[in-house]
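Peer 1:
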Amino acid sequence: MSDSALEAFRTETRAWLEANCPPAMREPVRDEDDVYWGGRNATFKNDAQKAWFEVCRDKGYTVPAWPKDYGGAGLSPAQAKVLREEMTRIGARPPLSSFGIWMLGPALLHFGTEGQKQRFLNEIARGEIRWCQGYSEPGSGSDLVSLQTYGEDKGDHWVVNGQKVWTSYADKADWIFCLVRTDKDNKYQGITFMLYDMASEGVATKPILLISGNSPFCETFFDDVTVPKSYGEDVPAYVGEINRGWDVAKYLLGHEREMISGADGGNTGTIGAALARANGDIDPVLRAELAQFDVDALAYGAMGEKFLDEIKVGKAHPAQPNMMKYAGTELNKRRHELVMAAGGSTALEWDSEETGGGKPSRNWLRTKANSIEGGTSEVMLNVISKRILDLPGA
Amino acid sequence: MPLYYDDDQAMLADSASQFMAEEGSTKKQLRHWRDRECKDGFGHALWQQFAEMGFTGMLVDEDDGGLGMGQVEANIVLEEIGRNLTPSPFMASSVLAATALKHGSNDLKGRWLPHLISGEKVYSVAIDEGAKHRPERIACKAEKSGNGFKLSGKKDFVVYGASSEMIVVAARTSGSDRDTDGVTLFAVPQDAAGMSHDSVRLVDSSMASHVTFDGVELDGDAVIGEVDGGRAVLDAMLVAGRVGSAAEGVGVARGAMDMTVDYLKQRKQFGKVIGEFQALQHRAAHLYSEVEIARAVTVKAAQLVDGGSEKADLMASVAKAKVAKVAGLAVREGVQMHGGIGMTDEYDIGLYMKRDRALQEFLGDQYYHTGRVAELSGY
Ligand SMILES: Cc1cc2nc3c(=O)[nH]c(=O)nc-3n(C[C@H](O)[C@H](O)[C@H](O)COP(=O)(O)OP(=O)(O)OC[C@H]3O[C@@H](n4cnc5c(N)ncnc54)[C@H](O)[C@@H]3O)c2cc1C
Ligand SMILES: Cc1cc2nc3c(=O)[nH]c(=O)nc-3n(C[C@H](O)[C@H](O)[C@H](O)COP(=O)(O)OP(=O)(O)OC[C@H]3O[C@@H](n4cnc5c(N)ncnc54)[C@H](O)[C@@H]3O)c2cc1C
Chain A
398 MSDSALEAFR TETRAWLEAN CPPAMREPVR DEDDVYWGGR NATFKNDAQK
448 AWFEVCRDKG YTVPAWPKDY GGAGLSPAQA KVLREEMTRI GARPPLSSFG
498 IWMLGPALLH FGTEGQKQRF LNEIARGEIR WCQGYSEPGS GSDLVSLQTY
548 GEDKGDHWVV NGQKVWTSYA DKADWIFCLV RTDKDNKYQG ITFMLYDMAS
598 EGVATKPILL ISGNSPFCET FFDDVTVPKS YGEDVPAYVG EINRGWDVAK
648 YLLGHEREMI SGADGGNTGT IGAALARANG DIDPVLRAEL AQFDVDALAY
698 GAMGEKFLDE IKVGKAHPAQ PNMMKYAGTE LNKRRHELVM AAGGSTALEW
748 DSEETGGGKP SRNWLRTKAN SIEGGTSEVM LNVISKRILD LPGA
Chain B
577 MPLYYDDDQA MLADSASQFM AEEGSTKKQL RHWRDRECKD GFGHALWQQF
627 AEMGFTGMLV DEDDGGLGMG QVEANIVLEE IGRNLTPSPF MASSVLAATA
677 LKHGSNDLKG RWLPHLISGE KVYSVAIDEG AKHRPERIAC KAEKSGNGFK
727 LSGKKDFVVY GASSEMIVVA ARTSGSDRDT DGVTLFAVPQ DAAGMSHDSV
777 RLVDSSMASH VTFDGVELDG DAVIGEVDGG RAVLDAMLVA GRVGSAAEGV
827 GVARGAMDMT VDYLKQRKQF GKVIGEFQAL QHRAAHLYSE VEIARAVTVK
877 AAQLVDGGSE KADLMASVAK AKVAKVAGLA VREGVQMHGG IGMTDEYDIG
927 LYMKRDRALQ EFLGDQYYHT GRVAELSGY
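If you're matching them up, the sequences are chains A and B in order. Residues in the first sequence are numbered consecutively from 398, following my numbering. Residues in the second sequence are numbered consecutively from 577, following my numbering.
#1: Using 8 Å for Cβ pairs, my map puts residue 526 of chain A next to residue 571 of chain A. What's the rounded Cβ distance?
#2: I need the boundaries of the beta strand (DSSP E) containing residue 515 of chain A, first residue and last residue.
#3: Going by DSSP, what residue range makes up the beta strand (DSSP E) through residue 743 of chain B?
#4: Quick check on residue 692 of chain A - is its C-beta less than 8 Å from some C-beta in chain B?
#5: Against chain A, does residue 873 of chain B count as a neighbour if the rule is that its beta carbon must be under 8 Å from one of theirs?
#6: For residue 736 of chain B, count neighbouring Cβ atoms within 10 angstroms of its own Cβ and tell me buried if that reaches 16, exposed if not.
#7: Runs of 4 residues minimum, wholly inside the segment 589–630 of chain A: which ones carry the alpha helix (DSSP H) assignment?
#8: Between residue 656 of chain A and chain B, is the shortest Cβ-Cβ distance under 8 Å, so that the two count as touching?
#9: Since residue 558 of chain A sits in a beta bridge, which residues does DSSP pair it with?
#10: Identify the contact partners of residue 579 of chain B in chain A, using a Cβ-Cβ distance below 8 Å as the criterion.
#11: Taking only the alpha-carbon atoms, compute the straight-line gap between residue 420 of chain A and residue 827 of chain B and give it to the nearest angstrom.
#12: Shorter than 7 Å, the distance from the beta carbon of residue 872 of chain B to the closest heavy atom of ligand 1, or not?
#13: How would you list, in chain order, the residues of chain B whose beta-carbon sits under 7 Å from the beta-carbon of residue 768 of chain A?
#14: Indicate whether at least one CB of chain B lies closer than 8 Å to the CB of residue 695 of chain A.
#15: Quick check: the segment 719–726 of chain B against the segment 695–705 of chain B, are there 3 or more CB pairs under 8 Å?
#16: Which residues, in order along the segment 663–678 of chain A, keep a beta-carbon less than 7 Å from a beta-carbon of chain B?
#17: Measuring CA to CA, which of B:752, B:717 and B:777 is closest to residue 790 of chain B?
#18: Give every residue of the same chain whose Cβ lies closer than 7 Å to the Cβ of residue 562 of chain A, excluding the five residues on either side of it in the sequence, and list them in chain order.
#19: Taking the alpha-carbon positions, what's the residue 458 of chain A to residue 711 of chain A distance?
#20: Taking the alpha carbon of residue 679 of chain A as the point to measure from, which residue in A:705, A:692 and A:741 has its own alpha carbon closest?
#21: Below 6 Å CB to CB, which residues in the same chain sit around residue 893 of chain B once its five sequence neighbours on both sides are set aside?
#22: For residue 917 of chain B, does the count of other Cβ atoms within 10 angstroms reach 16, so buried, or fall short, so exposed?
#23: If you reduce the DSSP assignment to three classes, tell me which class residue 473 of chain A lands in.
#24: Quick check on residue 902 of chain B: buried or exposed, where buried means 16 or more other Cβ atoms within 10 Å of its Cβ?
#25: Residue 585 of chain A and residue 645 of chain A look like a contact to me (Cβ under 8 Å); what is the Cβ gap, rounded to whole Å?
#26: Taking only three categories from DSSP, how would you classify residue 717 of chain B?
#27: Do residue 670 of chain B and residue 634 of chain B have their C-beta atoms within less than 8 Å of each other?
#28: Under 8 Å, do residue 483 of chain A and residue 407 of chain A count as touching if we go by C-beta distance?
#29: Over what stretch of residues does the beta strand (DSSP E) that includes residue 657 of chain B continue unbroken?
#30: Report back the beta-carbon spacing between residue 636 of chain A and residue 509 of chain A to the nearest angstrom; my notes put them in contact at under 8 Å.
#31: Whole-angstrom Cβ separation of residue 672 of chain B and residue 817 of chain B, contact assumed at under 8 Å?
#32: Nearest to residue 709 of chain B by alpha carbon, out of B:952, B:955, B:942 and B:831?
#33: Would a check of beta-carbon distances place residue 820 of chain B closer than 8 Å to chain A?
#34: Would you say residue 650 of chain A lies against chain B (beta-carbon separation less than 8 Å)?
#35: Does residue 939 of chain B come within less than 8 Å of chain A when only Cβ atoms are used?
#36: When you compare only the Cα positions, how much space is there between residue 904 of chain B and residue 601 of chain A?
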């Protein structure tokens, strides 16, 4: 696309956002309640959130870069970047947050059948079905491929038994994308990537309370769950091939890591000026740490931009999302340590109005999971060592 | 602009990388001149080759006989200089002095630029007046005298000063030490009466001088830019130099890191290649991440300089501060992971550590630039 056409798109986008993005949706996201997750039983927090979601859905802007046939807006990478920049410029919130968009969608675009894409991608884009991710098990975290949940082949269906853990929002999710062992003799080539309804008989969830006081995570149990092999013509209940789900799982993890890394602008903001303004008398040594943080955040911002530019033209190393996740999540943890330090005793308040119900401390605690969820920092470093630096061993 | 090299830049990077690895290697240059205690600290034959490659005048406008390239291109050369620890007056002459001369009169350009581009002569700049970089404060004085000026004072850390045919000097023509205005830049020829050099070898084997001006008489046409209005030229020079030395620092970091990762793949202890030990793998992987980030922000800063963006000043300091931190980490980890051998003169890793130390101090260290980031951000 020519520069002038792109500039025209920018002007058009700016006007559209101006006309359609409610002021209340231009406030920073403070916690997970501020975002809309969609799904069968979804409720909106307020009218502005509803209006913003609906207008974006109708324009394909919940998933701007997906093809129009699948509920997207069919934007080119350059146009999608313009939209992202313009949304960032006015501080617009994402209209829809969803594991469907971040994780399952990219995997379906890559591995799905046409029938799967028509059905599932459209549902995801319109926020109709909320998905959860069934990867981890009590004995299989970092060593995910050791997973034990088993699906017994019964011809036209499987019977699934086992337990998952840490399943985010499993109690609110409509469907699950789930790694199930279908061949016990084959470690890597014995896993199938299944899609099924959380309302199926035999599925049960139990919340896990986190140190932040929230419990969006669950243990998920499967007790003789029947999973059909197909949901209709060209709509298999599994992605990719039977027993070859590990390829899909790995592909999806790349996207998950990219998302958690905040490369897309999530982790790039500076904090020194705002914290100094809000908290007045800042110790010189803390001020120095804030400045060092700002240097690192601005530098990481440039890295995020470079990473996205390189991904678009296939110049990024395939293992680079691991590096972005490592650096981005460690940075985000540091950010919240500094927010707490600058806030002093006010930031400790767990249930006061001034802190919006303990937001600084709850967010601080929540970010500790950034370097665990989606693969720990240590695992990221292992991958960088082996796949990028080509160091020997294991 | 995407944050990777376009085709022309990628081609330049290829040829600069090959040239510097072949001709600018430590064996052929740094060690060679160091072991001979060369007074210049760099090889003139190599500098001629820089000219043949088109590097010397790359930042000079095409109208003035140069290649009219930008900071991104200069940075490509500087990164390779850093990777190979190649001693050369590229930063002093082709980046700093060339940037200053952009603002000079046609006479001044005509007098100095052709020799800079041809590589016959090298130039330097005199900014610092103490052990730390404090360009906000210029005390060196140039008083009106007849048609010209009389320059008195002292400058430090003038790189390759004694080998330079001309030095760009920032001096005060009015006001007091800390004023923004009242600064003027002068092109001072080497043979000016009353200028003396106390030339010293630094830890990295490069040469720098303390320069004393004892009533140096200068014609009015030695002024670069406006009288009393030299701060703008000085700032342009500083930005180019900061972003450029960030690029050189990225090169130093990459050179040290590559050597170290190679060593981890070769050295055996406890019956294993030491690169198999996770304690070392994780540190190497962390270092890799930091070097990539430092490199990204340096490219970003260079693009902002070329685009004339108002954010260039802030990003230049971000880049300099980040690179200083990261290159420091790279050389320290490099020496440590080499074990005892890293302490020997025979191995290059120690040379990287020395060059990094000198580069840290050049045009402001990480503390100076981190502080600047806070100030520019309003706290
Ligand atoms: C908030 C949150 C949300 C999550 N959401 C989901 C979800 O929606 N769906 C889902 O399936 N899972 C989810 N997870 C699970 C997550 O993917 C796992 O917690 C993660 O992969 C780590 O596994 P683990 O907890 O079993 O830790 P372990 O694997 O037991 O690791 C314990 C420690 O040992 C280290 N370690 C392990 N192996 C190595 C090694 N080889 N080298 C060096 N160090 C090692 C780890 O880095 C860690 O520090 C979530 C987790 C959290 C905290
Ligand atoms: C200045 C100096 C004076 C010395 N004086 C003496 C002396 O008088 N007499 C004498 O006998 N020796 C002396 N030594 C030698 C010294 O004891 C060795 O250099 C030291 O034991 C390290 O061994 P190495 O150099 O072979 O490094 P290596 O063992 O090759 O180690 C290289 C790197 O790998 C790391 N590494 C190695 N194994 C592991 C592992 N299993 N896990 C994690 N990391 C690992 C090391 O920590 C190091 O970072 C001296 C050394 C120096 C530098």
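Cβ atoms here follow ideal geometry from the backbone N, Cα and C, with glycine treated the same way.
Peer 2: With the given structure in hand:
#1: 5 Å
#2: Residue 515 of chain A -> no beta strand (DSSP E), and no H or E assigned at all.
#3: 742–748
#4: yes
#5: yes
#6: buried
#7: none
#8: no
#9: A:547
#10: 699, 702, 703, 706 and 707
#11: 46 Å
#12: no
#13: Within chain B, no residue comes near residue 768 of chain A; the closest Cβ sits about 13 Å away, beyond 7 Å.
#14: yes
#15: no
#16: 667, 669, 670 and 673
#17: B:717
#18: 533, 534, 535 and 616
#19: 24 Å
#20: A:741
#21: 945, 948 and 949
#22: exposed
#23: coil
#24: buried
#25: In fact, because the Cβ distance is near 12 Å, the residues do not count as touching under 8 Å.
#26: strand
#27: yes
#28: yes
#29: It is not in any beta strand (DSSP E) - residue 657 of chain B instead sits in the alpha helix (DSSP H) that spans 647–660.
#30: 6 Å
#31: 5 Å
#32: B:942
#33: no
#34: no
#35: no
#36: 53 Å
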